[in-house]
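Each residue of the sequence shown is one higher than the one before, counting from 11 in this note's numbering. Cβ coordinates follow ideal geometry from the N, Cα and C atoms, glycine included.
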Amino acid sequence: LFMAALSSVYNFNSSKPVWRENSYPIFKRFNNSFRFMKFKLSCRNKDERFATNVLVLPRYIAQIIIIASQVFGRALSRALREELSATKYASKPGSSSAKATNEAISNLRHGMTLEEARQILNVSEKLDQAEIEKRYNHLFSMNDKAKGGSFYLQSKVVRAKERLEAEIKNRGLKNARKQANSDGSEIN
């Protein structure tokens with residue numbers, strides 16, 4: 011019974027769209043009056059539906075490729091802009107790349123930044139050797155494992171002291187170089 015009803019609406023033998031007199035009616039309101047309209051039914055067989063879907067697939071693939079290339083292009087342009095601004099900043103006087111490289115090497119060697127070491131030992135920026143030693147001794151004894159302290163925190167305190175001592179040594183070398191350069195320039 012169901013197939014009989016479908017065969018009256020759909021023409022399964024034809025692969026072309028057809029107008030059927032016995033198709034379902036659509037009532038449409040137009041200018042306050044109802045008009046009886048018939049709608050067009052298209053009947054396609056399975057192969058034609060598959061062919062249509064296959065033809066649509068390249069369009070979707072092309073859209074995906076275009077969107078992906080746009081996203082990649084935006085990311086690349088942003089990275090280039092950031093690199094150019096970093097290069098401009100590095101080329102300004104007072105901000106040498108050698109200074110940044112030396113700081114990075116020192117950070118890697120000691121396992122922490124200068125700022126982190128200063129925060130651990132709670133010392134000021136002028137880095138007084140006596141103050142560093144006092145804070146180191148206090149924190150090291152407080153975190154002694156025999157007193158229930160933490161070996162991890164003790165090792166952090168030791169690394170912070172080593173980092174600050176290396177910075178003091180570097181500053182001393184820089185001051186000595188500046189003094190030697192100023193003495194040499196006075197001689198010439």
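DSSP places residue 127 inside the alpha helix (DSSP H), whose first and last residues are 124 to 131. Contact between the stretch 146 to 153 and the stretch 117 to 124 is absent: fewer than 3 CB-CB pairs across the two stretches fall below 8 Å. The C-alpha of residue 166 lies about 16 Å from the C-alpha of residue 158. For residue 139, same chain residues with a beta-carbon under 7 Å away, outside a window of 5 residues either side, are 178 in chain order.
Here the alpha carbons of residue 161 and residue 84 stand approximately 48 Å from one another. Spatial neighbours of residue 153 in its own chain (CB-CB distance under 6 Å, excluding positions within 5 residues in sequence) are listed in chain order as 159, 160, 163 and 164. Annotation: the continuous alpha helix (DSSP H) that includes residue 144 extends over 139 to 152. Spatial neighbours of residue 155 in its own chain (CB-CB distance under 8 Å, excluding positions within 5 residues in sequence) are listed in chain order as 161 and 164. Residue 136 sits in coil when the DSSP states are folded into three classes, being neither helix nor strand. CA-CA distance, residue 97 to residue 87, rounds to 15 Å. The residue from 180, 66 and 134 with its alpha-carbon nearest to that of residue 115 is 180. Burial of residue 130 is indicated by the presence of at least 16 other C-beta atoms within 10 angstroms of its C-beta. Secondary structure of residue 160 (DSSP, three-state): coil.
In this structure residue 188 does not touch residue 142 by the C-beta definition: roughly 23 Å separates them, more than the 8 Å allowed. Here the alpha carbons of residue 113 and residue 175 stand approximately 14 Å from one another. By the CB criterion at 8 Å, residue 127 and residue 91 fall outside the cutoff.
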